[in-house]
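Numbering (the working numbering), first residue to last: 123 to 182. Structure record follows, encoded as C-alpha cells.
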C-alpha cells in the first residue's frame, strides 16, 4: 500500500512512467487538429455561400 504523498513531482514522475501525461499531450494535439479542421470547413462554407450569393446577384 503506497503512502499518499503531496509531492507533485513524484506524481508527475509516476504519471509520465504510466503514460498519462503522454496521453494528455496526444489528446491536446488531436483537439488542435480538430479545431484546425473546423476552421478550414468554416472558411470553405463561407466561400461557398459568398459564391452562391454572387451567382444569385449575377443572374438577377
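Note that CB positions come from ideal geometry on N, CA and C, so glycine has one too.
Residue i versus residue j - alpha carbon distance
i           : j           : result
residue 172 : residue 155 : 26 Å
residue 157 : residue 149 : 12 Å
residue 162 : residue 153 : 14 Å
residue 165 : residue 182 : 26 Å
residue 180 : residue 170 : 15 Å
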